[in-house]
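Residue numbers (UniProt numbering): 1 to 257. Structure first, then comments.
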């Protein structure tokens with residue numbers, strides 16, 4: 001089947017892919033993945049991300065943002081670099097930004113400050129945002145709501161929340177990023193995916209993380225997006241081709257054609 005897929009969230013610039021990135025992208029293209037959107041993390045990964053975009057023009061697209069897990073003592077310097085980058089060239093989104101209460105709560109106040117600031121930059125540059133919201137869904141939704149005056153758009157990346165939270169996100173005009181978790185045995189995510197419209201979903205791998213079944217436990221890569229598409233199609237009782245087409249159109253609405 002000749003699918004046309006978009007991986008809206010993949011860290012292909014990471015060290016995990018340093019030895020075989022060309023083969024990784026080739027495998028993904030053979031499975032129909034045409035575009036790869038690269039979320040920013042912090043200053044340690046900017047150069048590798050931007051180099052990958054340069055190496056695969058028209059295929060890999062960089063975002064710029066400070067990941068909440070990288071909000072540490074030096075977060076103001078990191079934010080200054082984000083601001084500098086956003087001012088000197090175009091990016092597809094401000095991301096990956098947000099809140100993470102899972103790994104470390106030491107800098108929660110700083111995470112909130114960084115999230116608010118980066119949303120304001122996204123509004124200024126008329127860019128979408130890509131949100132990381134691990135163990136912080138309620139606060140993440142609330143903060144987006146505070147800024148949503150009609151112009152803010154984007155994705156709640158790696159959505160694994162409740163149906164009620166999904167509906168709140170959709171009501172804010174945002175999309176749900178669905179990845180490998182939907183294939184896991186004991187996930188409630190399939191019930192959520194079944195209940196919401198495919199018009200509100202985009203696809204992602206978060207490679208090298210969150211590898212779908214049947215490769216769970218191994219390095220994830222963008223070619224495995226097909227397992228996410230197939231599971232969503234099964235859950236929603238839709239043709240795989242329809243899921244691919246609609247989710248790709250959704251991604252284009254967010255990032256631009």
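Just so you know, even glycine gets a beta-carbon here, dropped at the ideal spot from N, CA and C. Being a predicted model, the structure only gives us computed values, none of them experimental.
Near residue 42, which residues of its chain fall below 7 Å by C-beta distance, leaving aside the five closest residues on each side in sequence?
-> 66, 67, 70, 78
Taking all protein chains shown into account, decide if residue 197 is buried (16 or more other Cβ within 10 angstroms of its Cβ) or exposed.
-> exposed
Specify, as a first and last residue, the run of the alpha helix (DSSP H) that residue 81 falls within.
-> 75-88
When the Cα of residue 176 is compared with those of 17, 33, 195, 76, which residue comes out closest?
-> 195
Is it a yes or a no for the region 37-55 touching the region 98-109, going by three-plus beta-carbon pairs under 8 Å?
-> no
Between the Cα of residue 63 and those of 20, 40, 25, 24, spot the shortest distance and give me the residue it belongs to.
-> 40
What is the residue span of the alpha helix (DSSP H) that residue 132 lies within?
-> It is not in any alpha helix (DSSP H) - residue 132 instead sits in the beta strand (DSSP E) that spans 129-134.
What residue does the beta strand (DSSP E) around residue 62 start on, and which one ends it?
-> 60-62
Relative to the alpha-carbon of residue 233, which residue among 226, 224, 72, 243 has its alpha-carbon at the smallest distance?
-> 243
Less than 9 Å separating the beta-carbons of residue 56 and residue 36?
-> yes
Taking just the CA atoms, how far does residue 169 sit from residue 159?
-> 10 Å
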